[in-house]
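Working notes, structure below.
Numbering (the working numbering), first residue to last: -13 to 368.
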């Protein structure tokens, strides 16, 4: 599990003059979050992970992963590969960016959790789902320092159990965000439908939202379980420990299957459901006339609906490139040029950024959140 690229290379001989065989231990660092940015758009035959910070090799090399810090310059003549310089700017810049995301995300999401739990006015159905979104984002920001430490150390020092836990939390963030937004979209659809029909939803209450949230966490746990099982600490041919996904034979099949699994369950199904719900919502609003009571109720709910739509749009904006890159990696053969690597860094950073944006959206769009937060600050200062 690496923050910087594990560029894959396969040399006729490794720097120590020993043959490197992909069949010895196949670790695919696919689909995990944090995903090695340069690997977002790598194909399956380019992603055999044997370390963290790798380099691209030309000449008689195909893509097989070795870490840049692991090469032995004195023995480099024994290999048919050429060794370009390590991208030091990425090595320094990315931990800074991720540290900012961690600090802002942890502070903002913790504030959201505190306000919703403490302020009586904030105990609504929508805010219950927002609370769980904030918890998911907080979990991710809590593990970012460990990922940054692995990147800076260039090996995994934290053991097998923590490797599995961290990788599971990484995937929780991928799946939980989109599924809670799907549930929020279902809730908005039911509210709009009830508004159009001038009726109230007796079953829509805080307790029901809490039960639904628990069910979502259980569902996401089932989805994430395979990644927890396949996560392991392994040692590459140069005796460097890394944390990643270790798939059985045939590894290429499992690699592609895991990418498709993440794409379908983490994007295609929930996003399709959301689109159907909002299309149906617009259709109901256009085809059914509203009486005066419905209009009044609609005005009261309009701001919440707009907030949910904006939060959803921001989430899709941050995550869609990640999943589109998965499709590209499955269907095309992109050369690992500087442009592709830069785009991959940007895609990964964009997905990370979503974890710290939601608190600002709530503060900007939700009057009750702003008032409750301000009141709590005043109480703390007095």
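Glycine included, C-beta positions come from ideal geometry on N, C-alpha and C. In this text the structure is predicted, and so the values were computed from the model without any measurement.
Distance from the Cα of residue 138 is smallest, within the candidate group 81, 314, 146 and 119, for 81. Taken through DSSP and simplified to helix, strand or coil, residue 221 comes out as strand.
Classified as exposed, residue 325 has fewer than 16 neighbouring CB atoms from the shown chains inside 10 Å of its CB.
When DSSP states are grouped into helix, strand and coil, residue 320 belongs to the coil group. Assignment of residue 358 by DSSP, reduced to helix, strand and coil, places it in the helix class. Rounded to the nearest angstrom, the gap between the Cα atoms of residue 121 and residue 188 is 27 Å. Between the region 333 to 350 and the region 301 to 314 there are three or more inter-stretch CB-CB distances shorter than 8 Å, so the stretches are counted as touching. Nearest to residue 177 by alpha-carbon distance, out of 320, 289 and 362, is 289. The alpha-carbon separation between residue 234 and residue 223 amounts to approximately 18 Å. Annotation: the continuous alpha helix (DSSP H) that includes residue 208 extends over 192 to 216. As the crow flies, the alpha-carbon of residue 352 is around 47 Å from that of residue 220.
Note on geometry: alpha-carbon atoms of residue 150 and residue 181 lie some 46 Å from one another. Between the alpha carbons of residue 330 and residue 323 lies a distance of about 11 Å.
Within its own chain, the residues whose Cβ lies closer than 7 Å to the Cβ of residue 96, once the five positions on either side in sequence are excluded, are 124, listed in chain order.
The DSSP-derived three-state label of residue 303 is helix. Excluding sequence positions up to five before and after residue 191, its CB lies within less than 8 Å of the CB of 111, all in the same chain and listed in chain order.
For residue 263, the closest of 175, 358 and 312 by C-alpha to C-alpha distance is 175. Closest in C-alpha terms to residue 131, from the list 344, 83 and 167, comes 83. Taken atom to atom, the span from the alpha-carbon of residue 86 to that of residue 172 is near 33 Å. Distance from the Cα of residue 107 is smallest, within the candidate group 309, 362, 365 and 358, for 358. Under the 10 Å beta carbon count, residue 345 is surrounded by 16 or more other beta carbons and is classified as buried. By the beta-carbon neighbour count (other beta carbons within 10 angstroms, threshold 16), residue 269 is exposed.
For the pair residue 209 and residue 157, the Cα-to-Cα distance works out to about 9 Å. Beyond the five residues adjoining it in sequence on each side, residue 313 comes within less than 8 Å, by CB distance, of 249 in the same chain, given in chain order. Under the three-state reduction of DSSP, residue 230 is assigned to strand.
In terms of CA proximity to residue 147, 215 leads the group 240, 215, 243 and 311. Within the region 80 to 155, the complete alpha helix (DSSP H) runs of at least 4 residues fall at 111 to 139. By the neighbour-count definition (other C-beta atoms within 10 Å, threshold 16), residue 243 is an exposed residue. Within the model, the alpha-carbon separation for residue 361 versus residue 77 is close to 42 Å. Counting other Cβ atoms within 10 Å of its Cβ, residue 236 stays below 16 and is therefore classed as exposed. If you look at residue 188, you'll find it isn't in any alpha helix (DSSP H); DSSP assigns it neither H nor E.
If the five residues before and after residue 354 are omitted, its C-beta is found closer than 6 Å to the C-beta atoms of 107, all from its own chain and listed in chain order.
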